[in-house]
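Trainee: I have a structure I would like to understand better, so I am pasting it below and will then ask my questions one at a time.
Numbering (the working numbering), first residue to last: 439 to 622.
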């Protein structure tokens, strides 16, 4: 089990192959929602690791591993979150702030009410591997709700979100470093 949301099946997918200088182990590497082992909508493609022999251990994670991880966490609801004043105390969101940006919100109320943001992925995020980076495409929505004095909520508006980011990883001074680029 990875955490409360996902588990990984890393059993052998074939018998180990023993060679003079090394042992080759093919592990499944399928991630699925915790307690719900289901067939993945993705199919694993075979791949080879470049022939190198200057290190003791080589690990390779195919695109399939990241695709099943994304599917498992999406299915478990990991990409859904609510941001309210209690969970985000370093800035205060209210209808007055949104009213200065969106005039329709200002018409809704004269009195500033606290605001709650509901963020959710609307599709399984797509993860693609490239030679020197990987790309994450996510589709989602953000609903902005006013919290009224009687603790009920009133939806103010909903935004549809499409994001495409590239992430490059490098090892620098024995530390794994990453750089993130928002493509759109």
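Glycine residues also receive a C-beta, built at the ideal position from the N, C-alpha and C atoms.
1. Determine the extent of the beta strand (DSSP E) in which residue 568 is found, giving its start and end residues.
2. Which same chain residues, not among the five before or five after residue 564, have their C-beta less than 6 Å away from its C-beta?
3. Using the Cα positions of residue 503 and residue 468, report the straight-line distance between them to the nearest angstrom.
4. Along the alpha helix (DSSP H) that carries residue 505, what are the first and last residues, could you check?
5. Measuring alpha carbon to alpha carbon, tell me which of 596, 482, 583 and 571 ends up nearest residue 608.
6. Find out if the Cβ-Cβ distance for the pair residue 536, residue 548 is shorter than 8 Å.
7. Taking just the CA atoms, how far does residue 543 sit from residue 478?
8. With 16 as the cutoff for other CB atoms within 10 Å, does residue 448 come out buried or exposed?
9. Among 514, 462 and 483, which has the Cα closest to the Cα of residue 495?
10. Span of the alpha helix (DSSP H) holding residue 538?
11. Mapping the DSSP letters down to three states, classify residue 544 as helix, strand or coil.
12. Using the Cα positions of residue 582 and residue 613, report the straight-line distance between them to the nearest angstrom.
Mentor: Put simply:
1. Position 130 of the chain shown, counting from 1, holds the residue named residue 568. For residue 568, no beta strand (DSSP E) run applies, since DSSP gives it neither H nor E.
2. Here residue 564 refers to the residue found at position 126 when the chain shown is read from its first residue. Contacts found: 575.
3. Position 65 of the chain shown, counted from the first residue, corresponds to residue 503. Position 30 of the chain shown, counted from the first residue, corresponds to residue 468. Taking the straight line from one Cα to the other gives about 6 Å.
4. In the chain shown, counting from the first residue as 1, residue 505 sits at position 67. Start and end: 501-513.
5. Mapped onto the chain shown, residue 608 falls at position 170. Out of 596, 482, 583 and 571, 571 has the C-alpha closest to the C-alpha of residue 608.
6. Reading the chain shown from its first residue, position 98 is the one you call residue 536. Reading the chain shown from its first residue, position 110 is the one you call residue 548. Against a cut-off of 8 Å, the Cβ pair of residue 548 and residue 536 comes out as no contact.
7. Numbered from its first residue, the chain shown carries residue 478 at position 40. Numbered from its first residue, the chain shown carries residue 543 at position 105. Spanning the two alpha carbons is a distance of roughly 43 Å.
8. Mapped onto the chain shown, residue 448 falls at position 10. So residue 448 ends up on the exposed side.
9. Residue mapping note: residue 495 aligns to position 57 of the chain shown, counting from 1. For residue 495, the nearest C-alpha among the options comes from 462.
10. For the purposes of this step, residue 538 is identified with residue 100 of the chain shown, where counting begins at 1. Run containing residue 538: 533-539, per the alpha helix (DSSP H) assignment.
11. Taking the first residue of the chain shown as position 1, residue 544 is located at position 106. It is helical.
12. Numbered from its first residue, the chain shown carries residue 582 at position 144. Numbered from its first residue, the chain shown carries residue 613 at position 175. Cα-Cα distance, rounded: 39 Å.
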